[in-house]
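Note that the sequence shown covers residues 7 to 225 in the numbering used here. The block underneath contains the structure these notes are about, expressed in structure tokens.
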Amino acid sequence: MERGERFNAEAVQSEIEELTAQGGLDEKTILSFTIEFKANQTDFSEDEYASDFHEVLRSMDQFGSAVLAVRGHADPTLALKTLVQAGISNGILKKSGKAGEWIYYYKGRPLDLEDTAEVVSLINSGAFENGEYNARAIVQQALNLSRKRAEAIRKSFITYARKQKINIDESQIQAFGVGIREPLVPKPTNQWEAMQNMRGEFSIIRTSAETINAQDFDF
7 MERGERFNAE
17 AVQSEIEELT
27 AQGGLDEKTI
37 LSFTIEFKAN
47 QTDFSEDEYA
57 SDFHEVLRSM
67 DQFGSAVLAV
77 RGHADPTLAL
87 KTLVQAGISN
97 GILKKSGKAG
107 EWIYYYKGRP
117 LDLEDTAEVV
127 SLINSGAFEN
137 GEYNARAIVQ
147 QALNLSRKRA
157 EAIRKSFITY
167 ARKQKINIDE
177 SQIQAFGVGI
187 REPLVPKPTN
197 QWEAMQNMRG
207 EFSIIRTSAE
217 TINAQDFDF
């Protein structure tokens, strides 16, 4: 840990990951900003996102004791498609209806593909994979991509702040990959809807006392 860092990065990461998993992040969020990006985009120049970065910096100035979580999100379309393909191939999914209106059944009951929490749970069970289709691998790839995006956005944001001669504590800014867990559109029906899920999110979050370091008590 570098000298002068006010926040315990490991504690911050752990706390926000736990809040995300339990669905309690919104209660701790003071402000949130979203930026959109293109499919497979991993480069986020400070020039392209200057107006967004400026707004975040302005808000950070008001909440100096809060953490800025940079969270990357991915679209679930490919994971959903692979789940369906693997499920049918493995004989554990049945479908009825017609194109555009398919209804899928799992263990004798309708499977709601818009219930992201259930979808992710089923995929992580390992039941929806075989030699040809692997939904769990797709979910992991999406998580890795979202984490890479978040880290790239964080780096670009810090570069922008430095160019503006603004001194920020890098330990206050943490990157997280969310993957497909929090889509704005759980089951996209077109490219535009899928693009809404490909986003970066800046959240200013209140964290517990354990996330700050010893020098904060020297006053």
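Glycine included, every Cβ here is placed at the ideal spot set by N, Cα and C.
query	result
Cβ pair count under 8 Å reaching 3, the segment 109-125 against the segment 52-59	no
Euclidean distance between Cα positions of L149 and A156	11 Å
Continuous alpha helix (DSSP H) stretch holding F69: start and end	Looking at the DSSP string, F69 is not in any alpha helix (DSSP H), and its letter there is neither H nor E.
Identity of the residue in Q91, A75, L31, I36 nearest F226 by Cα	With the chain covering only 7 through 225, there is no way to say anything about residue 226.
Assigned secondary structure, V62 (DSSP; H/G/I helix, E/B strand, else coil)	helix
Beta-carbon spacing of R160, G183 below 9 Å	no
Cβ pair count under 8 Å reaching 3, the segment 127-141 against the segment 193-208	no
I41 beta carbon less than 9 Å from that of G206	yes
8 Å CB neighbourhood of V191 in its chain, flanking five on each side removed	E199, A200, Q202, N203
Cβ pair I186, A27 closer than 9 Å	no
Extent of the continuous alpha helix (DSSP H) to which K34 belongs	31-34
C-alpha gap between I36 and P82, whole angstroms	27 Å
Any 3 or more C-beta pairs closer than 8 Å across the segment 12-19 and the segment 171-182	yes
Ranges of the alpha helix (DSSP H) found wholly within the segment 91-157, counting only runs of at least 4	122-130
Reduced DSSP category for S51 - H, G, I as helix; E, B as strand; rest coil	coil
Three-way DSSP call (helix, strand, coil) for R212 in this model	coil
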